[in-house]
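J.:
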Amino acid sequence: MDASGRSTGAKYECLLFDMDDTLYPVSSGLNLACRKNIEEFMLQQLHMEEAQVPRMCLELYKEYGTTMAGLKALGYEFDNDEFHAYVHGRLPYEVLKPDPVLRNVLLSMPQRKIIFTNADEAHAAQVLDRLGLEDCFEGVICFETLNPTPLELDDCMDMPDGDAILAGDSPEVDAVGLSFSSKSRVLCKPSVEAIEAAIQIANVDPKKTIFFDDSVRNIASGKAAGLHTVLVGSSILVPGADHALSSIHNIKEALPEIWEGEGEQIEQVIQPSAVETFVLA
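Right, here's the structure in full:
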């Protein structure tokens with residue numbers, strides 16, 4: 001979507017949402033189940049010493065943003081798709097229920113809305129479907145978007161202009177993907193580089209974009225990248241956060257400016273295949 005579909009006078013033009021523990025509460029237990037699966041992968045597939053796995057899993061997450069990124073940085077070799085299938089394929093997604101209240105709030109927002117998650121495409125699709133939010137977002141920036149395989153990059157470059165671009169006809173996106181794919185490390189939040197890549201891929205003005213995330217580190221990086229920031233899951237402001245919400249459901253009370261100028265109506269485009277739209281997979 002290009003700038004012609006938006007009101008240039010609007011205070012905010014885009015809303016970037018983290019997904020896990022942001023669109024649903026951490027109390028769901030999905031995060032804990034995911035960590036257990038990661039630890040089992042480290043034990044069964046990478047043959048690590050059992051006594052070290054829990055501590056190492058947490059330390060790598062803290063240092064690199066995801067345990068997977070940390071394992072790759074340490075030189076462990078494994079297939080990304082196999083890792084995601086092992087970690088997410090057995091999650092109890094049934095604990096997530098449709099959230100009609102959040103759905104109505106999201107659909108009432110006149111801005112573009114995009115998911116920005118470290119998770120893979122399949123997990124994002126599952127979560128959004130379970131929450132009943134799959135058509136509330138223009139697209140998803142996920143693991144595959146920031147870490148395309150060489151084959152995906154070739155397919156992207158062979159596609160006609162427009163189809164290869166995630167948000168608008170921005171020629172810089174191909175260059176971003178090529179640059180990142182040449183690195184052995186995994187690109188993910190809280191890296192400022194990952195957030196700047198997402199801004200570029202989505203073709204947004206960071207000064208007119210709000211970033212919602214439950215991670216204090218991600219919020220700090222979002223602020224460093226020039227975004228307006230909202231910490232979700234806590235009412236306590238932290239460095240780098242412009243707002244703090246105990247729940248994502250409190251958006252309307254805390255940020256009424258999102259709806260200001262609604263009479264001018266920023267064009268909202270909801271595409272039937274929303275989840276696939278943003279993924280270079």
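The opening residue of the sequence shown carries number 1 in this note's numbering; numbering runs sequentially from there. Virtual Cβ for every residue (Gly too), placed ideally from N, Cα, C.
Suppose you measure from the CA of Leu96 to the CA of Gln126; what does that come to, to the nearest Å?
T.: Translated into positions along the sequence shown, residue 96 becomes position 96. Translated into positions along the sequence shown, residue 126 becomes position 126. Approximately 10 Å, taken between the alpha carbons.
J.: First and last residue of the alpha helix (DSSP H) that includes Leu231?
T.: The residue you call residue 231 lines up with position 231 of the sequence shown. First-last for Leu231: His228 to Val232, but that is the beta strand (DSSP E), not the alpha helix (DSSP H).
J.: Between the alpha carbons of Asp214 and His243, how many angstroms are there, rounded?
T.: Looking up residue 214 in the sequence shown gives position 214. Looking up residue 243 in the sequence shown gives position 243. If I take the Cα positions, the gap works out to 12 Å.
J.: By the 10 Å Cβ neighbour count, where 16 or more other Cβ atoms means buried, how is Ser221 classified, buried or exposed?
T.: On the sequence shown, position 221 is the one that residue 221 refers to. Buried, because 16 or more other Cβ atoms sit within 10 Å of the Cβ of Ser221.
J.: Can you list the alpha helix (DSSP H) stretches of 4 or more residues lying completely in the region 191 to 220, in chain order?
T.: For the region 191 to 220, whole alpha helix (DSSP H) runs of length 4 or above, ordered along the chain, are 192 to 202.
J.: Would Asn203 be called buried (16 or more neighbouring beta carbons within 10 Å of its own) or exposed?
T.: As a position in the sequence shown, residue 203 is number 203, starting the count at 1. Answer is buried; the Cβ neighbour count reaches 16.
J.: Can you grab the Cα-Cα spacing for the pair Phe78 / His84, in whole Å?
T.: On the sequence shown, residue 78 is found 78 positions in, with the first residue counted as 1. On the sequence shown, residue 84 is found 84 positions in, with the first residue counted as 1. Distance between the alpha carbons of Phe78 and His84 is about 11 Å.
J.: Tell me whether the beta-carbon of Phe41 lies closer than 9 Å to the beta-carbon of Phe212.
T.: Position 41 of the sequence shown, counting from 1, holds the residue named residue 41. Position 212 of the sequence shown, counting from 1, holds the residue named residue 212. Cβ atoms of Phe41 and Phe212: not closer than 9 Å.
J.: Say yes only if the C-beta of Ser234 is nearer than 8 Å to one or more non-hydrogen atoms of the ligand COA, and no if none qualify.
T.: The model on display carries no ligand, and the ligand COA is accordingly not part of it.
J.: CA-CA distance, Leu237 and Leu231?
T.: Taking the first residue of the sequence shown as position 1, residue 237 is located at position 237. Taking the first residue of the sequence shown as position 1, residue 231 is located at position 231. Those two C-alpha atoms are separated by around 8 Å.
J.: Taking the alpha carbon of Glu121 as the point to measure from, which residue in Val140, Pro25 and Cys136 has its own alpha carbon closest?
T.: Reading the sequence shown from its first residue, position 121 is the one you call residue 121. It is Val140 whose Cα lies nearest to the Cα of Glu121.
J.: Roughly how many whole angstroms lie between the Cα atoms of Leu128 and Ile248?
T.: Position 128 of the sequence shown, counted from the start, is the residue given in the question as residue 128. Position 248 of the sequence shown, counted from the start, is the residue given in the question as residue 248. Going from the Cα of Leu128 to the Cα of Ile248 covers about 15 Å.
J.: Going by beta carbon distance, what residues of the same chain come within less than 7 Å of Leu347, once the five residues before and after it are set aside?
T.: The structure shown has nothing for residue 347, since the chain only spans 1 to 281.
J.: Please confirm whether Ile219 and Ile258 have their CB atoms less than 9 Å apart.
T.: Within the sequence shown, residue 219 is the residue found at index 219, counting from 1. Within the sequence shown, residue 258 is the residue found at index 258, counting from 1. Going by C-beta atoms, Ile219 is not nearer than 9 Å to Ile258.
J.: Grouping DSSP H, G and I as helix and E and B as strand, with all else coil, what is Val140?
T.: Against the sequence shown, residue 140 aligns to sequence position 140. It is a strand residue.
J.: Please give me, in chain order, every unbroken run of the alpha helix (DSSP H) with length at least 4 that falls completely inside the region 4 to 90.
T.: List check, alpha helix (DSSP H) in window: 30 to 44, 53 to 64, 67 to 73 and 80 to 88.
J.: Tell me where the alpha helix (DSSP H) around Lys252 begins and ends.
T.: In the sequence shown, residue 252 corresponds to position 252, counting from 1. Its alpha helix (DSSP H) spans residues Ile251 to Ala254.
J.: Suppose you measure from the CA of Glu196 to the CA of Ala225; what does that come to, to the nearest Å?
T.: Sequence index remark: in the sequence shown, residue 196 carries index 196 (1-based). Sequence index remark: in the sequence shown, residue 225 carries index 225 (1-based). Their backbone Cα atoms lie some 6 Å apart in a straight line.
J.: Give the list of continuous beta strand (DSSP E) stretches no shorter than 3 residues that lie fully inside the region 101 to 135.
T.: Complete beta strand (DSSP E) runs here, min 3: 112 to 116.
J.: Based on the DSSP output, what are the partners of Ala225 in its beta bridges?
T.: Here residue 225 corresponds to residue number 225 of the sequence shown, with the count starting at 1. None; Ala225 has no bridge partner.
J.: What would DSSP say about Leu245, mapped onto helix, strand or coil?
T.: As a working mapping, residue 245 is identified with position 245 in the sequence shown. It is a strand residue.
J.: Rounded C-beta distance between Leu91 and Cys34? I'm assuming under 8 Å.
T.: Within the sequence shown, the letter at position 91 stands for residue 91. Within the sequence shown, the letter at position 34 stands for residue 34. Yes, Leu91 and Cys34 are in contact; Cβ-Cβ is about 6 Å, under 8 Å.
J.: Measure from the alpha carbon of Pro206 to the alpha carbon of each residue in Leu102, Arg185, His228 and Gly233, then state which is nearest.
T.: What you label residue 206 is simply residue 206 of the sequence shown in a count that begins at 1. Closest by alpha carbon: His228.
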